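Residue numbers (numbering that gives the first Met the number 0): 0 to 88.
Heads up, the thing below is written out as structure tokens.
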Amino acid sequence: MSAHEEQFENHGIHDVISQLESALQKKSSKDVPDDAFDNLDRIRQATAFIRGRIEMASPLLTPKVRLDQIQKSLQASLNEVDQFQSVVA
């Protein structure tokens with residue numbers, strides 16, 4: 000395995016995607032407003048889209064800086080979802 004492939008396979012983006020997917024599967028004990036439900040659904044769809052693109056991406060052609068940027072955005076989404084769920088739990 001080349002250094003690029005290893006760097007790609009071990010990148011933190013994979014963990015953040017899994018954490019975000021897990022957080023989005025949690026059920027709320029309270030009623031969630033329709034607009035919040037729509038926003039969570041949009042994040043679910045975006046996360047699934049990103050996972051699909053990452054799975055298709057070439058480790059040799061995908062720069063680490065791009066993965067870092069996507070990971071940062073996903074982490075921000077995860078933080079927002081966690082904060083929202085702590086309020087509605």
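Note that CB positions come from ideal geometry on N, CA and C, so glycine has one too.
Here the structure is a predicted model, which is why all the values come from computation and not from measurement.
Problem set entry | Outcome for phenylalanine 7 when other beta-carbon atoms lying within 10 angstroms are tallied against a minimum of 16 | Here the question's residue 7 lines up with position 8 in the sequence shown. Buried is the call here.
Exercise. How close, in whole Å, do the beta carbons of valine 80 and lysine 29 come, if the pair is a contact with beta carbons under 8 angstroms?
Worked result: The residue given as residue 80 occupies position 81 in the sequence shown. The residue given as residue 29 occupies position 30 in the sequence shown. Contact doesn't hold; Cβ gap of about 15 angstroms is too wide.
Exercise. Which residues bound the alpha helix (DSSP H) around alanine 35?
Worked result: Translated into the one-based positions of the sequence shown, residue 35 becomes position 36. Counting along the chain, the alpha helix (DSSP H) containing alanine 35 begins and ends at 33 to 55.
Exercise. Is alanine 75 buried or exposed, if buried means 16 or more other CB atoms sit within 10 Å of its CB?
Worked result: For the purposes of this step, residue 75 is identified with residue 76 of the sequence shown, where counting begins at 1. Label assigned to alanine 75: exposed.
For this session: Figure out for me which residue from Pro58, Gln24, Arg41, Ser27 has the closest Cα to the Cα of isoleucine 12.
Result: Within the sequence shown, residue 12 is the residue found at index 13, counting from 1. That would be Pro58, whose Cα lies nearest to the Cα of isoleucine 12.
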